[in-house]
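Visitor: Read left to right, the sequence shown gives residues 21 to 242 (this note's numbering).
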Amino acid sequence: MGATRIIQDEYLKDMHHLSKRFHKGLANVENVVRVYQMILKLTGLIQELTKTIEDTFAELVEDQYLKPLKEAETSLSKYPEVVEQTIDLEELDRHNYVIKHDYDPQLEALAETISKDAKNLPKKFIDLGTNKSGVFFSTKKLKRLSEEYKEASQAYSRTQSTLVKQVVGIAATYTPVLESLNDVIAHLDVIFSLAHVACSAPTAYTKPKVVEKGAGSKASLS
Numbered sequence: 021m022g023a024t025r026i027i028q029d030e031y032l033k034d035m036h037h038l039s040k041r042f043h044k045g046l047a048n049v050e051n052v053v054r055v056y057q058m059i060l061k062l063t064g065l066i067q068e069l070t071k072t073i074e075d076t077f078a079e080l081v082e083d084q085y086l087k088p089l090k091e092a093e094t095s096l097s098k099y100p101e102v103v104e105q106t107i108d109l110e111e112l113d114r115h116n117y118v119i120k121h122d123y124d125p126q127l128e129a130l131a132e133t134i135s136k137d138a139k140n141l142p143k144k145f146i147d148l149g150t151n152k153s154g155v156f157f158s159t160k161k162l163k164r165l166s167e168e169y170k171e172a173s174q175a176y177s178r179t180q181s182t183l184v185k186q187v188v189g190i191a192a193t194y195t196p197v198l199e200s201l202n203d204v205i206a207h208l209d210v211i212f213s214l215a216h217v218a219c220s221a222p223t224a225y226t227k228p229k230v231v232e233k234g235a236g237s238k239a240s241l242s
């Protein structure tokens with residue numbers, strides 16, 4: 021039972037939400053990264069699932085789950101490469117989902133300009149006044165640097181937005197594979213949830229008998 025909980029907790033999360041956002045064209049860079057993180061776990065899911073199979077059900081599990089999971093892993097094999105080439109993964113710890121500076125020459129040049137302007141503040145200033153918030157000051161050079169910094173920052177944001185759309189667009193081409201993967205994972209989640217309930221039930225779980233619609237006796241559920 022422990023193995024099934026590990027699989028549910030580690031591997032069977034958020035796929036439906038993510039594939040739905042890609043299908044509706046609502047995905048963003050964070051969603052692209054979440055899919056990337058899930059793809060990296062696919063191998064682990066396949067290995068864990070393989071370890072939990074009893075010989076009696078090996079063929080069934082292989083056909084229903086392992087085979088489509090392996091096919092999805094193969095189809096998505098290039099996805100991590102796309103993400104690692106375009107998205108700054110070092111910024112994830114700070115919850116920043118941004119494009120790498122060096123991915124695009126224009127973005128890299130703007131980043132260098134912003135960094136340079138931020139460092140080149142003059143040492144002498146003209147005092148413009150003081151209030152409770154502090155001292156306000158400026159110089160002609162500081163004003164020019166401020167304007168350059170603002171223009172570069174705005175251009176950087178626009179370039180980031182354009183590149184984000186491109187990266188999300190590339191990721192969206194994998195939507196059919198993600199939807200198929202979601203179907204497999206959703207089915208697995210149901211099966212493991214049922215297994216958990218059956219093993220945790222205070223009395224022995226009895227498999228219900230399913231009959232054709234209209235056949236058998238009727239029961240009222242209230």
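Virtual Cβ for every residue (Gly too), placed ideally from N, Cα, C.
Using the C-alpha atoms, what's the distance from T182 back to N51?
Guide: As a first step, residue 51 must be located in the sequence shown, where it is residue number 31. As a first step, residue 182 must be located in the sequence shown, where it is residue number 162. Spanning the two alpha carbons is a distance of roughly 17 Å.
Visitor: With DSSP as the reference, identify every bridge partner of I119, one or two as the case may be.
Guide: Translated into the one-based positions of the sequence shown, residue 119 becomes position 99. Bridge partners of I119: I107.
Visitor: Which word fits V210, buried or exposed, when buried means at least 16 other C-beta atoms lie within 10 angstroms of its C-beta?
Guide: By 1-based counting over the sequence shown, the position of residue 210 is 190. V210 is exposed by the Cβ-count criterion.
Visitor: For T195, which option in K185, L96, T223 has the closest C-alpha, if you only look at C-alpha atoms?
Guide: Translated into positions along the sequence shown, residue 195 becomes position 175. Of the candidates K185, L96, T223, the one whose C-alpha sits nearest the C-alpha of T195 is L96.
Visitor: Could you compute how far the alpha carbon of D122 sits from the alpha carbon of V188?
Guide: Reading the sequence shown from its first residue, position 102 is the one you call residue 122. Reading the sequence shown from its first residue, position 168 is the one you call residue 188. Rounded to whole angstroms, D122 to V188 spans 18 Å at the Cα level.
Visitor: Would the stretch 71-91 and the stretch 198-207 be scored as touching if the rule is three or more Cβ pairs under 8 Å?
Guide: With a cut-off of 8 Å, the stretch 198-207 and the stretch 71-91 count as touching, because enough Cβ pairs lie within range.
Visitor: Considering just the uninterrupted stretch of the alpha helix (DSSP H) at Q186, what are its terminal residues?
Guide: Residue 186 sits at position 166 when you count from the first residue of the sequence shown. Start and end: 160-192.
Visitor: Checking 8 Å against the spacing of the C-beta atoms, do Q186 and V118 come in under that value?
Guide: Counting from 1 along the sequence shown, the entry for residue 186 is found at position 166. Counting from 1 along the sequence shown, the entry for residue 118 is found at position 98. Not closer than 8 Å, so no.
Visitor: Beta-carbon separation of L65 and L89 under 8 Å?
Guide: Reading the sequence shown from its first residue, position 45 is the one you call residue 65. Reading the sequence shown from its first residue, position 69 is the one you call residue 89. Going by C-beta atoms, L65 is nearer than 8 Å to L89.
Visitor: So what's T150 in DSSP terms, helix, strand or just coil?
Guide: Numbered from 1 along the sequence shown, position 130 holds the residue referred to as residue 150. Reliability of the predicted coordinates at T150 is poor, the pLDDT of 44 falling under 50, and no value is obtained from them.
Visitor: Do you know offhand how far L198's Cα is from A92's?
Guide: Numbered from its first residue, the sequence shown carries residue 198 at position 178. Numbered from its first residue, the sequence shown carries residue 92 at position 72. Straight-line Cα distance between these residues: approximately 8 Å.
Visitor: Could you have a look at F157 and say whether DSSP puts it in helix, strand or coil?
Guide: Numbered from its first residue, the sequence shown carries residue 157 at position 137. Note that F157 has pLDDT 49, beneath the 50 cutoff, so the model's placement of it is unreliable and no number is given.
Visitor: Within 10 angstroms of the Cβ of L214, are there 16 or more other Cβ atoms? Answer buried if so, exposed if not.
Guide: The count along the sequence shown starts at 1 and reaches residue 214 at position 194. Exposed.
Visitor: With DSSP run on the structure shown, which of helix, strand or coil describes T223?
Guide: The residue you call residue 223 lines up with position 203 of the sequence shown. Of the three classes helix, strand and coil, the one that applies to T223 here is coil, per DSSP.
Visitor: Hey, would you say A299 sits closer than 8 Å to D137, going by beta carbons?
Guide: This structure cannot settle anything about residue 299, because the visible part of the chain is limited to 21 through 242.
Visitor: Going by beta-carbon coordinates alone, are K98 and I107 separated by less than 8 Å?
Guide: One-based indexing of the sequence shown puts residue 98 at position 78. One-based indexing of the sequence shown puts residue 107 at position 87. Cβ distance not < 8 Å, so K98 and I107 don't count as in contact.
Visitor: If you reduce the DSSP assignment to three classes, tell me which class P125 lands in.
Guide: In the sequence shown, residue 125 corresponds to position 105, counting from 1. Three-state DSSP puts P125 in a helix.
Visitor: Tell me which same chain residues have a C-beta within less than 7 Å of the C-beta of E128, skipping the five on either side of it?
Guide: Within the sequence shown, the letter at position 108 stands for residue 128. Once the five neighbours on either side are set aside, the close Cβ partners of E128 are H121, D122.
Visitor: Between which residues of its own chain and I73 is the CB-CB distance below 6 Å, once the five residues before and five after are set aside?
Guide: The residue you call residue 73 lines up with position 53 of the sequence shown. Cβ within range, chain order: V81.
Visitor: Please classify V231: does DSSP put it in a helix, a strand, or coil?
Guide: In the sequence shown, the residue the question calls residue 231 occupies position 211. Coil.
Visitor: Could you tell me the alpha carbon to alpha carbon distance between Y225 and F212, rounded to whole angstroms?
Guide: Start at 1 with the first residue of the sequence shown, and residue 225 comes out as number 205. Start at 1 with the first residue of the sequence shown, and residue 212 comes out as number 192. The straight-line gap from Cα to Cα measures roughly 14 Å.
Visitor: Just the C-alpha distance for A192 and L130, rounded to the nearest angstrom, thanks.
Guide: For the purposes of this step, residue 192 is identified with residue 172 of the sequence shown, where counting begins at 1. For the purposes of this step, residue 130 is identified with residue 110 of the sequence shown, where counting begins at 1. In a straight line, the C-alpha of A192 is about 28 Å away from that of L130.
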